[in-house]
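Asker:
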Amino acid sequence: MIRLRFAVLLIITLPLLCCTEGKPPQSQGWATATGAEAYERLWWKAIRDRDFRAVEWHLAPIYTLTTPTGIRDRQQALEYFQSLNVNDIEIAELQVKPEGGDMVVSYVASLRTASIPNPQRFYMTTVWQQGKKGWFAIAHSETPAAAS
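Using the numbering used here, the letters of the sequence shown map in sequence onto residues 13 to 160.
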């Protein structure tokens with residue numbers, strides 16, 4: 013009888029203990045990121061936090077940026093992202109399409125900058141390519157979304 017009570021008590025309390033001992037997930041860093049979605053979010057976080065060393069590290073030498081104002085190479089793209097002064101970015105409707113050693117990430121972004129406090133929506137696509145030292149963005153395109 014004592015064993016039965018102990019077993020029942022153990023069965024009831026063990027799940028409760030397990031549920032309360034869990035730790036919330038840590039935010040991912042570049043070294044622990046597991047996919048293209050994480051890389052995209054980390055990349056924008058680096059831009060928002062003005063960590064342009066991390067941004068530059070993850071841009072391939074052949075990186076190309078396309079915006080409504082034209083096509084930019086890697087150096088011009090870095091200058092463009094530095095000039096944005098991003099305050100916040102929200103990413104929605106994200107899709108990842110793998111193709112061999114590449115990943116195409118498409119999404120809708122709401123971007124707030126120092127000069128434009130109201131969110132501006134963009135359709136964005138980034139192509140990530142796996143290299144010897146990790147993943148690198150090789151191309152990014154952003155098109156303003158029509159006002160809804």
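A virtual CB, placed ideally from N, CA and C, is assigned to each residue, including glycine.
Counting Cβ pairs, one atom from each stretch, are 3 or more of them under 8 angstroms apart for the stretch 92-107 and the stretch 121-130?
Answerer: yes
Asker: How is R53 classed by DSSP in three states: helix, strand or coil?
Answerer: helix
Asker: May I ask you to report which of helix, strand or coil DSSP gives I150?
Answerer: strand
Asker: Give a yes or no on whether the C-beta atoms belonging to V139 and E49 are separated by under 7 angstroms.
Answerer: no
Asker: Using only the alpha-carbon positions, how far apart do D63 and A159 sit?
Answerer: 31 angstroms
Asker: Could you please give the first and the last residue of the uninterrupted beta strand (DSSP E) stretch that includes W42?
Answerer: Where W42 is concerned, there is no enclosing beta strand (DSSP E), given that its DSSP letter is neither H nor E.
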